[in-house]
Structure formats: C-alpha cells, structure tokens
Amino acid sequence: MSKVNPPNEKPANGNQQPKVGVYVCRCGGNISDVVSVEKVAEAAGQMPDVVVARQNTFMCSHPGQQMIVDDIAKLGLNRVVVAACSPRLHELTFRKTLVRAGLNAYLFEHANIREQVSWVSKSDPEGATAKATRLVGAAVAKVRLSRPLDPIKVDATRQVLIIGGGVSGLRCARDLSQSGFRVVLVEQSAALGGRLTELGRLYPVQVEAREVLHSLISEVSRDAAIQVLTSAEVTAVSGSIGNFSVAVRCAQQETTIHVGAIVLATGFDTYEPLPGEYGYAEFPEVITLPQFVRLLEKQGPSDGQLQRNGRPVKNVCLVHCVGSRQIEGIHQPGPDGRLHEYCSRFCCTAALQAANEIRARFPAVNVFDVYRDIRTYGRGHESYYEQASKQGVIFFRFLAEQLPQIRRADADGSALVVQVKDTLTWGEDLEIPADLVVLVTGAVPRDLSRLIDMLKLSRSPDGFLQEVHPKLRPVETAVSGVFLAGGCQAPMDVGESCTAASAAAARVSAALLKGYVELEPFAAVADPALCTGTGACIEVCQHQRAISLVDVMADGVTLRRAQVNPALCGGCGMCVPACPHGAIQVDGWRLEQFEAMVDAIAADY
Amino acid sequence: MSAGSSTGETVQQRLVFDALVVGGGIAGLQSAIELGDQGYKVLIVEKAPSIGGKMIGLSKVFPTLDCSSCICTPRMAAAAHHENVTIFTYSEVRRTERAGSRFQVEVVRKPRYVHEADCIGCRLCEYACPIHVEHEFEGNLGARKAIYVPFANAIPQLALVDLEHCVFCGLCEKACPTHAINFLQQPEEIAVEVGTIILATGYKMMSPERLKLYGGGRLRNVLTSLQVERLLAPHGPYGRVLRPSDGKAPSSIGYVQCAGSRDQSVGVSYCSRVCCMYAIKQAMLLSGSLPMVDITIYYMDIRAFGKGFEQFFQNAKAMGIEFVKAKVGRITEDENQNPVVRVEVMEQDGRVEERKHDMVVLSLGLLPGWDPSGVVPAEIAEDGFIRSADPLLAPARTTAEGIFVAGAAAGPKDIPDSIVEAGAAAMEAAIYLRRNGSSSNGDERAVNEQAAVVAQGRG
Amino acid sequence: MSEVQQARRPKILLLATTACAYPGADYVGQIHSEYSTDTYIIRVPALAVFPPEFYLRCFQKGIDGIIAMSCGHECPYPGAYERFAERIGRAQELMKRQGLDARRLRTTAICTVCGRAFLKEVQDMVQRVAQSGGQLVGK
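The listed protein sequences correspond, in order, to chains A, B and C. The first sequence lines up with residues 16 to 620 when you count with this note's numbering. The second sequence lines up with residues 64 to 522 when you count with this note's numbering. The third sequence lines up with residues 24 to 162 when you count with this note's numbering.
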C-alpha cells in the first residue's frame, strides 16, 4: 500500500506557529439582527494566535471569500475560522477557499452561529453574543491544534474476484468486464449456471431458463477479460480493499490471485422439507416445486397426460410456504437448526405459473392451491394470480396455526387427501383429493461458514449475508471491498438477482475505477513514540479490524507497535480511549482538540 | 417534433453532460451518485423545488424503522455536494431528440421569482408574507406562505413564490436582505446534450377522489397514507397524532388495504407492493404514540416479501394489531364524522359487518409519476409505468437504446429495491457511455472538458 | 452585562454526532425554535471517542451539564454506540464516586428531525442545572 500525494495541493504549512484569521458573517441580518457581530469579532481579535478578525455581510459571497484569500496572502495566515451558518451548508465552500489560497483544506474550522445561535436565541441577544463568542473561541482553540491532512489514497488492483457462477455472478462479471475490469469468476461446481440450471420457464416473460443462461454463459466465455475457474474454491483471503490476496484451489492446484474487490454471488439453496413434513419422503406422491418443474418438462406434448409413477394424475394440490414464513412453536427448525421466518419472495408467482401451465397443458387435471397469502407483488405477477382464477385453479387459505394435513385416501380414487381448515369458506374443514401434492418450497441460506470466517462477514438474523444498511449501502458488507450480489443476501428471483448484481458492479466500479481508492483523511493514527504495543486498541476495533501490531525497528531493536490501515478505518475513534498512553488519535478530531474546545467554552471573554 | 424553439434563438445556454437523470427522488439521487462516483458528469432535473422526492416526507421507514429524513438527507447532501453532479430543481424536461448515440434535451427552469444566486434561505420573506396556503408537503394538513422554502430540510434552501396565491403586497421584497425577489423572472430554456438518460420519475399516489365507494375524498376523518406519514413525522403539521375533524386523539383506527390497487374497477390491476408494509409500519408507530389505540388492518393478502418484512409483520401481530381478511366494500360516516366501514369478514362466518372507527386510513396504491410520451422516447407498458425491455437479465433497460429506468418509474417499489435498482440503472448507463466512447474522468482517460466547465451553476 | 454576571451563567455542553444529532440541532434552528443560550454544541463523529475521564474533566473545568446526543442504534459506525454506552456508564460511576450529581451527564439519541426531543432534553437540563443552583456547579 502506498500513500499518493494529491497532485493539486501545495505543500502544507501547518507546522509553523499558528496564525489564525477569524471571519464573522452577518448573513444579511440573519445573524447580526440577534448577535452583535462586531463584539464577536472584537473578542475574537483578542484570542490567542488570532492575527485578524473581521466581519462581512455574506462570507460565502465572492467578496467574502476573497477577503480570506487576500488575508492569507498579505498576513501569512495559516489557519482560518469562519463563524456563519451551519458547516453542513458551507464548510466545503470555505475549505475550497483555503485551497485556492494555497492552504491545506483541513486548516479550517467552522463555527455555527446561525442555525445554532441567532435563529434559536431571538429574545436573548446578549446571551447569543456571548454564546457566539465562546463558539468562535472553541473553533479557534481547535484550529490552532489542526494539522494539514491529505485524502488517504490506496493503490487498487483493477481486477475483481466473483465467487459464484450463477446468474448473479455471471451478470456481475459481464458488467465489470464491460466497465474495464478484469474478472476472475470462481465456481465451486463443475459448470456455470447455478440455480438457473434447475428452472424451467421464467416469469414474468415465459422464457426458458436454459435460453437465458445460454446467452449469458456464451457472453462470459467469449469475454477475454473474464477468467472462469470451475470446480474451484477460495481457500484463503488476506489484504484489504484495493489489494486482496486470494488463494484459489482449482484442479488440485493452488494459485494466488490479486484483486481489488471481492463480490459474493454464492446464491441460496432451496428448502428440502423434513421427512414427514406434509408427507414428504413418506408418500411418493409428495414432491417439491423444483421437482415438479422437472416433472412437467419431461411430460409429453400438451395433449398428453400428466403422470406420476406411471399413474395418471387427475388432481394436483399445491401447498405454499413450505420452509418459509415459519413460526416458532408451530414449525420445526430445519437441519441447520434454523427457523425460516422470512418469506421466500419468488415461490408464490412460481407456483401459480406452474398451476397455470398444468391447466393450459392438461385441461382435465384439477389444480388446488392451498396458501396463506398470495404474494404476487412484482411487476406482471398479479396477472398470474388473475389467470389462475380464470383458468379454474381452486384456492384454499389456511392459517399458520392450522396447517394442512396430508394422509392416504381411505377409498379408491385419488392417492392422497389434503385436509385444510379453509378460511375462505369461513373456516370449514375440507378434504382435497390429490394424486400429486406439490410443496412450494422457498430459499434457505447456504452454508458459507468457511467464507464467512475467511472474510469476517456477518449474517442477518435470517441467516443470509448481511449488508451494511438496506437503504444506505445495500450491496456492501461491513468489510470494505467485499460486496454482495443476489441470492446470498436474501431470496430473489432472476430479475432481482440481476439488478442486485449490477448494483454491486456499480459500487465496485466506483471504488476501483481510478486505480486507487480515495478515502476521507479522518482516520486513526497510532504514534509509534507513545505506543507500547499493548494491543488494547485492536481489541475494541472488532468490527473494522483496522488496527494490527507490526514490527518496527528502532535503534536496532525490534518493537511491536500498533498500525492503522486507513483503508479500513472509518474514523469512529472508539479506539482512542482504549489506549492507556493516548497513543492513538483520529486525525482531524484529536482528543486534545476537544479538550481545547471545552477549555474555550469554559473560559470567559 | 415541431420546429418550435429548435432554431436556437430562444436558447440561452448549451450544456454538456454524460448523463441526465430525470427525477431527484431517492432513486434519481442514488443513480446520479452512482454515476458521479464512477467519474461521469450528471445533470439531475427535478420538477419540484427541492430534491428528496416522496421519501423526504416520510416518517420512519420499514423494516428497520429508521427515521426517513436521517436516511434521505445524507443522500440529498451527497448529490448536492458531489463534484460530478449538477442539479436543476423546479425544472422540467420538455423535449428529447436522439443525435447518434447521444441526446439533445430541452430543459425548462421554471421561475421561482427569487434569484437563486442571491437567496440565502433565511425565510425572512416567509415570515413577512401574510398569505396562508394549504401545504402540499404536509398533505394539506398544515399551512405554508405564498412565498416559502419548500420544507425545513429542503435542498436547495431557496424560497419560491406561489403566484397563484400571492397578492403582490411587496412585504417579502422589503424583508429580503439580499433583494433576491424578482416578480419579473421568466422561464429559462436550457439546451443540454447528454450521452445517456435515466428515468427516475417515481410514482404518484392514487387520488382518494377516484375511490367513490370510500367517500371520494370527502370524509374528514378518512386520511390518506401519506397524510398519516406527516402526522407521524417528528416535525409533522400537528406535532402529534389527532384526527382532523375535531382534534381528538383517535382510539380506534382502521386501515383499508388495496385502496386503488388490485382493483379493476379503478383500472389498477397490479399490486402496489409497498402498502402492506407501510400500513403495518404506521400501525406500529401509531401504537407507540397512542398507547390506548386499537388498530385494525383490513386486507386481502399481506405481502411482506422483502428482507426482514415477514418478521416485521409477525411483530405487529404480536403487538396486538388486528389483521382482518376482508375487502372493504364501502366507507360512510356517522353524525359525529366517525368513519364506518362495511366489510365481509371472511375468517368468521362471512357475515357483512359495519365497523365504526375514529379514523380510517386508505392504503392508497401507486400510479405512474410521469408519462414520457412526446418528451423522452421511452415506452410505457399497459400498467402505465416505463416498460422494461428485459425484465430478467436487465430490468433497468427500457425499450429505447441508451435510456434506462430506476425505482418506482418502472412499477411500484419500496425504498431498498429502488436504491438497488438505481445502482443497476447507473451501471447500465455507464456501460452504454463507455461503449459509445464517452469518457469518465475517474477512468483516467481524457476528461470531458465541456462537461467540466459546466459543473458550476448547481441549483 | 457585567463580567461578574457573565461568569455566573451556567454552561451546558451538547456533544452532537455529525450524522444525526448535529443536523437535528440545525433543524431546530431552521424552524426557529428558541432555547437557552447557555448551551454549546460540539460536533463529534462518534461519541465513543471520549474516555470516561473526559466528562469529569469537563465538570472540573466549569461545565455545569453535558448532554451526549448520539445517533442511538442508527450510529453509522458498527459497534461504536455500544462502546459509547459502556463509557458513559463508567463516567457516571466515576461521578457518583466523586460526589458529583450523575444527572449532570445525560445521554439521548437525537435524529435529524427530532426537534421536539432536542428541545425537551435541553429544557430539562437547563432546569436541572438551575434548580440545583450553586450545588451543581463544579469547581
């Protein structure tokens, strides 16, 4: 990892004796109608290291900013404080002003005397003036201790590892290759395609899954920038964003690849019902939806008969939410000991698609659909529901508290009977004849424990991989440089997986496109002169794992000292109090700066 | 395409960007940030006077119950401060013409009657203005002035004059410390050239006037779901939850699901996808602010399909919120303006009941926010939303080459799904730009100098 | 205002997080609500940066009350909120041990539009400081 100096900034001059300029804004009366701006400026002029203190009607205007630029040139200012509106509006403006005048952007402090003084103190102008003065004092105190900071730049490899060769991984690989990246796609099985190889026609456009897959795989295979490794697995990972080292085992050979980012596209598993769950593995006539899809494919043309075990099927009964929407006390946890409380999202529409196909191809076959809620939420999905009703699919609705029961039929006729307490007919107990019972199974999280350990990822309560925040950073993990694409994060259908994969590609692209990763300079820094290598900071930095102990040579002796990887540090500062020697501080927000601010507020002017 | 203004005589400026994002709601902002982060120069055109779209007006958002403003304002600020993103608020796209792989776009900036460069958002004009107008942002439950900053956390913090209600008394002009008010301001036409377009034009709510059986918008204590969002917002119009007719805190609230969704009689056959979850969320928040309230949700199917949604739904049931499977046939009111809902209760004996509540909330469906016909060459589908060319492999692609779609513009969608789709649309747009030779300054290729020059003048 | 009077006014420190509480305080300004001028806001990325002793030193320096305004569980830094809660707990223990009124150190979560919660917290602290008069004032 190397630190690159930003090209456009002049050498910083923050190590000289502080010479502070203070500028108090009137904001056209918004501040000066309440706060005596003159008094604040006058008091600021008396503060330590303050060389000049002025006021202006609009500091953010061109003349206001020019005043600062001129003073920096004429008076040799090396620190600036502006007291005006909230820094959320104009902190950036004034940082740029400093850069224009040749100063480091971070030798600036902003005192908020509008939103947090004049606008909230109308009836107490004297108090407001005193408060504004102290806040200016605090800003001066902080800026005196400021050091020039440079954005943290980390060289980044423009190659990406994608783990998983299903539709999400393939889609993500294509997007990244077309954005100018090299991609290594690692698939643990012998062939690409993942879950899609098991599917038939795909809603909402009725295209065959194998056609979709074929076009995607041939694109990826033709793409010289994408290296596909099948029957391969990741065995070790080290490094951080921009510079991961990944060991991959492929054909009994271990190779190490260098990548700037890692995308997890490991998908999900389909739920395998427990033996005896709705008669599964007990009656051969009970199968899962994926098994049924394969059965439908093998059947003859549409005028043929639907058969199971060589016997014609007259009645099919679909049972929804098998292995999804489970409730403690009602459902049994699966083999992984986990209750699947979530909705699997795609199974309602997939089940109705199958129901419609039966009715269209085998009009003599009755279809019964036993559900809890029909969740055809997606675009075009509701029409599958409408079509099913029109085509004579008969619906029954059960409550989780009264699960349907499946048993052998007593008399001749259908093989099985599905007993339902049907809430659509006001709770009547009904017996549905069935030659075939299709359990509409959903998605379950894969066992990714090795990858999770290697990459230090976390799971959501539902067992799927956890994003940082579903709205702010939906495709990123808490580990910087590791991204999520598709079904490893939550149940998703094909379109949703592709969307998620493209979104992940966009984030990867933004992070690595420049060939370096640029981060805000507010990272923790350990002072090797104070550090004694206690490791206390490392202990509190569990989430980011940004700190490590490294060997440092000093006077011919090797010492263990804390070192922060700025690429991983978010600048939260929770390591600061952990150090018994005060050796670790966050640049731009050092504890001594906060202490100085409190001193200034406690002081009287 | 008519000749109109294409002679160039009325065109005052010509700007060049890599991408145009139509709509500055959460999907548009996210698309723009994603493209900007990849080094492309982006113009956002937003028709409202502030960015933030629908999301900035919401209270808390499901399933995490984060404060909506706390999630949305950082995104707004990130776009507004982004070196590669320019924003025109209170502006509209008029016309688009394809020029090779690129597009010539005509944008109109509507007059605020306040000079943007001079306004400092101090609201002194607003305090001086004597005219009170129902505030759209507060679901018409609160008031604003005829000159106003759109809402407290609006970006940009700029005032605008509502000429329809202004009486030209001149008090605002006197109050303005920067003399920014100018009643003679004219619409400004701007010619823009872009390499790609993302449509993030969002949705609008079904109008309660169209739901005649539910009172057609005339029943005082029948509120829309967006109005309840404002009642629940920490900075809402009343400061607490009460019913509009008499200011009483409601002790019984009914939610009517699928109000204008999955209903052929109003021409909307699709599921609006967010109403189940927002109703459950509102019910939970209402239970929090009104400890004694009874809440009943009348539903057809509860569609809690997203990550963490089903658990959220089960929590609501555990909290005592009553879920009744029933389609509400009609809403009337009694002599005290208490809404009365007529339902067939399916889970009991199917009898038709009339149930009285203090307040009823219509979980209104989502309609397309904008029709691109004649303005942008993208097609709409039968549902009125922008048609996706490849719903499986590339849902963000429209049927028009180089034009992409994000968020609820392509059909009702919740916030997490909209944000992810915005990322996908940005990826598609970036690939399109690369394929057609547009450069990205992050790509360390030649910087698009024209666009760089233009980066100033952010609205 | 004479200097003697000025010196006697209480000082309440509001430590406000960059992501939530600081914008929340700005929001109070944007709606032009009024609160005591004896309050001083310091912007902090995450409150977990402060050791327990920091709070004690503040009181020693003459600060009368501190409200640590966090993002609560919406904290953008994983684990930081929990660390902060731990450290505040220890600070309050230390205060008790030193005979300081632990109510002088309050913690609360303030969102970006939590204007009412902000005003109430400030009002409560102002009253607490005023009621206890000279007793509360640290030396």
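For glycine and all other residues, C-beta sits at the position ideal for the given N, C-alpha and C.
Closer than 8 Å to chain C by CB, N137(A)
Along the first sequence, one-based indexing puts residue 137(A) at 122. The amino acid at residue 137(A) is misidentified as Asn; the sequence shows Lys. It does; some Cβ of chain C falls within 8 Å.
Does the count of Cβ pairs from the segment 32-52 of chain C and the segment 135-150 of chain C closer than 8 Å reach three?
With three or more CB-CB distances shorter than 8 Å, the segment 32-52 of chain C counts as touching the segment 135-150 of chain C.
Can you look up F537(A) in the DSSP assignment and give me helix, strand or coil?
Along the first sequence, read from residue 1 onward, the residue named residue 537(A) stands at position 522. Coil.
8 Å is my cut-off, CB to CB: does F123(A) come that close to chain B?
Taking the first sequence and counting its residues from 1, the one referred to as residue 123(A) is at position 108. No, F123(A) lies away from the interface with chain B (no Cβ there is under 8 Å from its Cβ).
If you run the structure through DSSP and keep just helix, strand and coil, what is L37(C)?
Here residue 37(C) corresponds to residue number 14 of the third sequence, with the count starting at 1. DSSP, reduced to helix, strand and coil, places L37(C) within a strand of the structure shown.
Between the alpha carbons of S501(B) and A459(B), how many angstroms are there, rounded?
Here residue 501(B) refers to the residue found at position 438 when the second sequence is read from its first residue. Here residue 459(B) refers to the residue found at position 396 when the second sequence is read from its first residue. Whole-angstrom Cα-Cα distance: 20 Å.
Alpha carbon to alpha carbon, what distance is there between V532(A) and K702(A)?
A question about residue 702(A) goes unanswered here, because the residues of chain A that appear run from 16 up to 620.
Residues in its own chain within less than 6 Å of L439(A) by CB, not counting five upstream and five downstream?
The count along the first sequence starts at 1 and reaches residue 439(A) at position 424. Within the same chain, L439(A) has close Cβ partners R412.
Taking the straight line between their C-alpha atoms, what separation do you get for A493(A) and A561(A)?
Translated into positions along the first sequence, residue 493(A) becomes position 478. Translated into positions along the first sequence, residue 561(A) becomes position 546. The alpha-carbon atoms of A493(A) and A561(A) are separated by roughly 12 Å.
If A370(A) sits next to D384(A), beta carbons under 8 Å apart, how far is it from one beta carbon to the other, in whole angstroms?
The residue you call residue 370(A) lines up with position 355 of the first sequence. The residue you call residue 384(A) lines up with position 369 of the first sequence. Yes, A370(A) and D384(A) are in contact; Cβ-Cβ is about 6 Å, under 8 Å.
So which residues of chain A does G86(B) contact, with C-beta pairs closer than 8 Å?
One-based indexing of the second sequence puts residue 86(B) at position 23. Going along chain A, no residue has its Cβ under 8 Å from G86(B), so there is no contact; the nearest lies around 18 Å.
Whole-angstrom distance between I119(B) and F609(A), CA atom to CA atom
What you label residue 609(A) is simply residue 594 of the first sequence in a count that begins at 1. What you label residue 119(B) is simply residue 56 of the second sequence in a count that begins at 1. In a straight line, the C-alpha of F609(A) is about 33 Å away from that of I119(B).
According to the Cβ coordinates, are G344(A) and P288(A) closer than 8 Å?
Position 329 of the first sequence, counted from the start, is the residue given in the question as residue 344(A). Position 273 of the first sequence, counted from the start, is the residue given in the question as residue 288(A). The Cβ atoms of G344(A) and P288(A) do not sit closer than 8 Å to each other.
Given this structure, state the Cα-to-Cα distance separating K143(C) from I133(C), to the nearest angstrom.
In the third sequence, residue 143(C) corresponds to position 120, counting from 1. In the third sequence, residue 133(C) corresponds to position 110, counting from 1. Spanning the two alpha carbons is a distance of roughly 11 Å.
Counting only the same chain and skipping the five closest in sequence on each side, list residues whose C-beta sits under 6 Å from that of T270(A).
By 1-based counting over the first sequence, the position of residue 270(A) is 255. The beta carbon of T270(A) sits closer than 6 Å to those of V263, all from its chain and outside the five residues before and after it, given in chain order.
In whole angstroms, what separates the C-alpha of L211(A) from that of L185(A)?
As a first step, residue 211(A) must be located in the first sequence, where it is residue number 196. As a first step, residue 185(A) must be located in the first sequence, where it is residue number 170. Distance from the CA atom of L211(A) to the CA atom of L185(A), rounded to whole angstroms, is 11 Å.
CA-CA distance, G4(A) and A366(A)?
The question about residue 4(A) has no answer here: the residues shown for chain A are numbered 16 through 620.
Uninterrupted alpha helix (DSSP H) stretches inside the segment 102-136 of chain C (no shorter than 4 residues)
Whole alpha helix (DSSP H) segments, 4+ residues: 103-120.
Looking at the strands, I want to know which residues DSSP matches up with G209(A).
Along the first sequence, read from residue 1 onward, the residue named residue 209(A) stands at position 194. Beta-bridge partners assigned by DSSP to G209(A): none are found.
So, is the C-beta of D129(B) closer than 8 Å to a C-beta in chain C?
Counted from its first residue, the second sequence places residue 129(B) at position 66. So yes, D129(B) belongs to the interface.
For my contact list, E160(B) and A254(B) are in at a C-beta cut-off of 8 Å; report their separation, rounded to the angstrom.
Translated into the one-based positions of the second sequence, residue 160(B) becomes position 97. Translated into the one-based positions of the second sequence, residue 254(B) becomes position 191. Taking a contact as a CB-CB distance under 8 Å, the pair E160(B) and A254(B) does not count as one, their CB atoms being some 10 Å apart.
For D190(A), which of helix, strand or coil comes out of DSSP?
By 1-based counting over the first sequence, the position of residue 190(A) is 175. For D190(A), the three-state secondary structure derived from DSSP is helix.
If the cut is a Cβ gap below 8 Å, which residues of chain A does Q53(C) touch?
Indexing the third sequence from 1 puts residue 53(C) at position 30. What Q53(C) touches in chain A: E130, W134.
Does DSSP classify T264(B) as helix, strand or coil?
One-based indexing of the second sequence puts residue 264(B) at position 201. If DSSP states are grouped into helix, strand and coil, T264(B) belongs with coil.
Just the Cα atoms here: how many angstroms apart are V149(C) and R32(C)?
For this step, residue 149(C) is matched to residue 126 along the third sequence. For this step, residue 32(C) is matched to residue 9 along the third sequence. Spanning the two alpha carbons is a distance of roughly 11 Å.
Within 8 Å (strictly less), CB to CB, does I64(C) reach chain A?
Within the third sequence, numbered from 1, the residue matching residue 64(C) stands at position 41. Using a CB distance cut-off of 8 Å, I64(C) counts as an interface residue toward chain A.
Report the neighbours of L36(C) on chain A: residues whose CB is nearer than 8 Å to its CB, in chain order.
Here residue 36(C) corresponds to residue number 13 of the third sequence, with the count starting at 1. For L36(C), the neighbours in chain A by C-beta distance under 8 Å run, in chain order, V613, I616.
9 Å Cβ cut-off: residues of chain C touching S51(A)
Looking up residue 51(A) in the first sequence gives position 36. Neighbours of S51(A) on chain C: none; closest Cβ ~11 Å, over 9 Å.
Any C-beta of chain A sitting closer than 8 Å to the C-beta of T241(B)?
In the second sequence, the residue the question calls residue 241(B) occupies position 178. Using beta-carbon distances, T241(B) counts as an interface residue toward chain A, with a partner under 8 Å.
Taking Cβ-Cβ distances shorter than 8 Å, what residues in chain C pair up with S132(B)?
Reading the second sequence from its first residue, position 69 is the one you call residue 132(B). Here the neighbours are C134, T135, V136.
CA-to-CA distance, A95(B) to V79(B), given in whole angstroms
For the purposes of this step, residue 79(B) is taken as residue 16 along the second sequence, with counting starting at 1. For the purposes of this step, residue 95(B) is taken as residue 32 along the second sequence, with counting starting at 1. V79(B) and A95(B): Cα-Cα distance of roughly 15 Å.
Under 8 Å from the C-beta of P313(B): neighbouring residues of chain A
Your numbering for residue 313(B) matches position 250 in the second sequence. In chain order: nothing, as chain A lies at least about 27 Å away.
Tell me which same chain residues have a C-beta within less than 8 Å of the C-beta of N245(B), skipping the five on either side of it?
One-based indexing of the second sequence puts residue 245(B) at position 182. Once the five neighbours on either side are set aside, the close Cβ partners of N245(B) are Y176, V177, H178.
For a test of the three-state rule: what should DSSP assign to E446(A), helix, strand or coil?
Translated into the one-based positions of the first sequence, residue 446(A) becomes position 431. Three-state result, E446(A): strand.
Short of 6 Å in beta carbon distance, which residues of its chain neighbour A251(A), apart from the five on each side in sequence? Order them along the chain.
The residue labelled residue 251(A) in the question sits at position 236 within the first sequence. Same-chain partners within the cutoff: A262.
For F200(B), name the three-state secondary structure that DSSP assigns.
Taking the second sequence and counting its residues from 1, the one referred to as residue 200(B) is at position 137. DSSP places F200(B) in helix when its eight states are reduced to three.
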